[in-house]
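A quick write-up on the structure given underneath.
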Amino acid sequence: MNRPLYVVKVGSATLDRETIHKEIADIVARGARVLLVAGGATGIRRHYAAIDRPVPTLRLTNGDEVRYCPPQEMDHIVDAYERVTLPAVERDLRALGLRAYTAVAARGSLVAGRGNRPLKALSAEGRPVVVRDHRAGVPADVDTAALKALLDAYDVVALSPPVADRDGGAPLNVDADVLAAVLAVALDADHLRLVTGTAGLLTDPAVPGSTLRDAYPGDGEQYAGGRMRQKVRAAEIALKGSSADVAITGPHTMSEATGWTRFWRTRGPADDLDLLTRAVCVPSVSGDEAELASCLAEWCRERGIEAHIDPAGNLVATRGTGARRLLLLGHLDTVPHRWPAEWRDGQLWGRGSVDAKGSLAAFLEVLADADVPEDGQLVVVGAVEEEISSSKGAFHVRDHHTADAVVVGEPSGSGKLTLGYFGLFKLAVTASVPTGHSAGMDAVSAPDRLIRVLGEIRASVLEQAPDALSAVIDIRCERGRERDRAHGVLNFRVPPGADLDALRAAALEHVGDGVEIEPQRATPGHQGGRSGPLAKAFTRAFAEAGIRPRFVVKKGTSDMNTLATTWHDVPMVAYGPGDSALDHTDEERIGGDEYRAARSLLADAVNRWFALPEGSRR
């Protein structure tokens with residue numbers, strides 16, 4: 155499963171509070187890696203007080219006061235981080251059971267920078283002077299290989315300024331927010347959080363609740379003053395250079411319930427495309443759905459829709475309290491390899507735009523506008539881990555929810571309705587042979603053995619289900635002292651009605667003599683008819699839109715299959731905008747007009763289903 159990367163910049167005032175460390179521990183508990191960038195103003199003041207040394211400052215010509223860092227001061231700055239700030243960070247993280255690595259970014263040139271130009275300052279007498287020995291700069295070069303190794307070895311890696319000077323000499327003091335942004339870009343982080351003492355970016359600093367909730371490139375500068383200017387600058391750096399989800403959070407917390415300013419890379423070309431755009435902009439590779447779920451839940455609450463995150467991590471949003479329930483089941487997660495979302499020629503390019511954030515966004519907008527009768531309930535679920543074999547979210551829905559009918563959110567195209575899917579039969583196969591030289595007479599290697607047995611298993615299974623599709627989706631080898639092993643995963647897509655017990659028996663006939671087979675997944679295919687009330691509601695909606703629909707059974711699989719294992723006699727179809735041929739490709743994109751057409755047709759179908767007489771919705 156993907157291990158997402160959070161880069162979290164925390165100021166020294168926030169580091170003194172327990173809340174932020176517990177929030178970091180919660181992120182780690184979700185399986186994420188965390189790179190913490192620690193600010194040091196408080197630690198520097200404490201260290202200088204401990205050594206009875208005044209903190210030197212400069213008054214700039216614009217009136218700002220900055221810490222003066224000539225070469226002779228840099229050892230003291232480094233000491234402040236290494237003796238005060240970073241030891242406290244490590245102590246607090248380890249108290250929560252986290253393995254932490256801490257270092258000044260200059261150590262081992264983990265980060266190197268380039269020096270700034272000389273400063274224009276004011277002398278003690280108020281005369282303009284040029285200061286040339288001020289050791290300040292901007293981070294430029296990141297040792298990504300070293301940091302990735304550290305992130306794999308520790309729960310949390312904590313870095314702080316200063317950075318090494320790429321041209322030699324004493325280290326360079328750098329802004330910690332900018333350091334965090336540069337690290338997020340270099341490491342292709344999934345999320346960047348800039349934690350501050352206010353409730354995000356305030357439009358009026360005198361009004362604590364005046365948080366700017368959403369900012370697009372260039373928006374934040376007009377509201378930022380003082381230290382907040384650097385946070386906005388850092389957010390803009392991250393937006394330009396990465397596909398990270400970026401937010402300024404606070405006060406002294408990453409909790410979205412307090413105050414967030416989320417920075418968006420691009421806005422929809424029209425207001426009715428904003429939710430789709432934002433959903434695609436928030437990374438949510440399988441295992442990293444929490445931020446998108448939280449973002450969409452907040453969107454719902456702003457519109458008076460009850461929304462929460464269930465124990466599996468699914469988004470659950472509901473309108474109505476009646477007994478007759480229509481479930482719109484989408485999924486939050488995407489396959490890996492994301493890139494910055496952007497609109498081009500009326501199409502939104504980005505991972506998940508088709509599979510299947512377009513469907514989920516349409517579900518939520520239909521939920522917001524639907525005419526739900528008193529006896530009805532419309533539920534939207536954004537499930538987790540649909541793209542991986544666990545299907546954790548769908549299993550939780552299957553076992554903890556009920557519904558009278560289900561629309562699954564998967565790309566069918568606005569003019570097609572999916573009536574069913576092939577099932578999934580997956581086997582882990584291991585072949586082993588005694589360790590020996592591959593040049594020996596009649597030698598058979600473990601990979602040789604594996605390839606042969608995979609072919610034999612495939613033939614046996616396809617004899618039972620001739621219409622199934624098969625593929626070897628993973629192979630790895632390991633060499634042992636006594637036996638060599640080769641491991642493979644053989645994946646079958648099996649048609650509705652295939653006898654999974656017979657397929658399992660056919661596969662397991664090949665166990666023995668160095669061959670081990672472990673069935674990993676056996677989910678039957680499912681297909682509904684065109685004559686049921688749910689399908690008819692869509693058929694009439696197609697007719698109203700002047701569309702002659704196509705009805706298809708897809709050879710892929712979806713969460714429909716998971717529900718169908720126990721939800722017998724519950725009508726199910728799948729519908730959503732987008733071309734499924736673009737799923738999982740670097741060409742993934744969805745047209746604005748296609749999205750609108752599907753959203754409109756879905757809204758009509760939902761209203762028609764609720765309008766059916768009681769007792770006829772199944």
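One rule links them: number in the working numbering = place in the sequence shown (from 1) + 154.
The beta carbon of each residue, even a glycine, is placed where N, CA and C say it ideally should be.
Small disclaimer: the values here were computed from a predicted structure and weren't measured.
Contact between the segment 751-769 and the segment 552-568 is established, with three or more Cβ pairs separated by less than 8 Å.
At the C-beta level, A392 and P325 stay beyond 7 Å of one another. Within the segment 404-480, the complete alpha helix (DSSP H) segments of 4 residues or longer fall at 428-435, 444-456, listed in chain order. The Cβ atoms of A597 and A585 do not sit closer than 7 Å to each other.
For the options V296, S263, G504, the alpha carbon positioned closest to that of H738 is the one of G504.
For N715, there is no enclosing beta strand (DSSP E); the residue is part of the alpha helix (DSSP H) that begins and ends at 713-718.
Counting C-beta pairs with one atom in each stretch, the segment 625-632 and the segment 653-669 have fewer than three that are closer than 8 Å, which means they do not touch. Beta-bridge partners of K163 (DSSP): V191, L348. DSSP places N270 outside any alpha helix (DSSP H), giving it a letter other than H or E. N327 carries a strand assignment under DSSP once its states are collapsed to helix, strand and coil.
In this structure, DSSP gives K709 a state outside helix and strand, which the three-state scheme calls coil. Secondary structure note for N645: its beta strand (DSSP E) is the uninterrupted segment 637-648.
In this chain, the beta strand (DSSP E) harbouring W503 covers 501-503. Of the candidates R684, D713, Y370, D713 places its Cα closest to the Cα of S544.
Secondary structure note for L604: its alpha helix (DSSP H) is the uninterrupted segment 600-618. Collapsing the DSSP output to three states places E663 in coil. Taking a cut-off of 8 Å on C-beta distances, the segment 543-557 touches the segment 460-470, as three or more cross pairs fall below it. Listed as beta-bridge partners of W497 by DSSP are L502. Rounded to the nearest angstrom, the gap between the Cα atoms of H230 and S263 is 18 Å.
The beta carbon of D523 sits closer than 8 Å to those of A757, all from its chain and outside the five residues before and after it, given in chain order.
In the same chain as V434, and ignoring 5 residues on each side of it, the C-beta atoms closer than 7 Å to its own belong to A495, L502, G504, G506, S507, K511, in chain order. Within the segment 197-251, the beta strand (DSSP E) runs of at least 3 residues that lie entirely inside it are, in chain order, 211-214, 219-221. Cβ-Cβ distances below 7 Å link L429 to W453, A515, L518, E519 in the same chain, with the five nearest sequence neighbours on each side left out; the list follows chain order. Taking C-beta atoms as the reference points, S438 and T488 count as a pair closer than 7 Å. Looking at the DSSP output, D368 shares a beta bridge with R416.
Put simply, the segment 163-171 does not touch the segment 418-427. Fewer than three CB pairs are less than 8 Å apart. The beta carbons of V533 and T472 sit closer together than 7 Å.
The beta carbon of E742 sits closer than 8 Å to those of W503, G504, R505, G506, S507, V508, D509, L736, all from its chain and outside the five residues before and after it, given in chain order.
Two segments are said to touch when three or more pairs of C-beta atoms, one from each, lie closer than 8 Å; by this definition the segment 198-215 does not touch the segment 347-354. Under DSSP, S624 shares a beta bridge with F646. Assignment of E670 by DSSP, reduced to helix, strand and coil, places it in the strand class.
Here the alpha carbon of L481 sits roughly 12 Å from the alpha carbon of A537. Annotated as proximal: V561 and Y729, with beta-carbon spacing under 7 Å. Ranked by how close their Cα comes to the Cα of V760, the residues A249, G441, A689 have A689 in first place.
Taking the Cα positions, G484 is about 12 Å away from A447. S754 carries a helical assignment under DSSP once its states are collapsed to helix, strand and coil.
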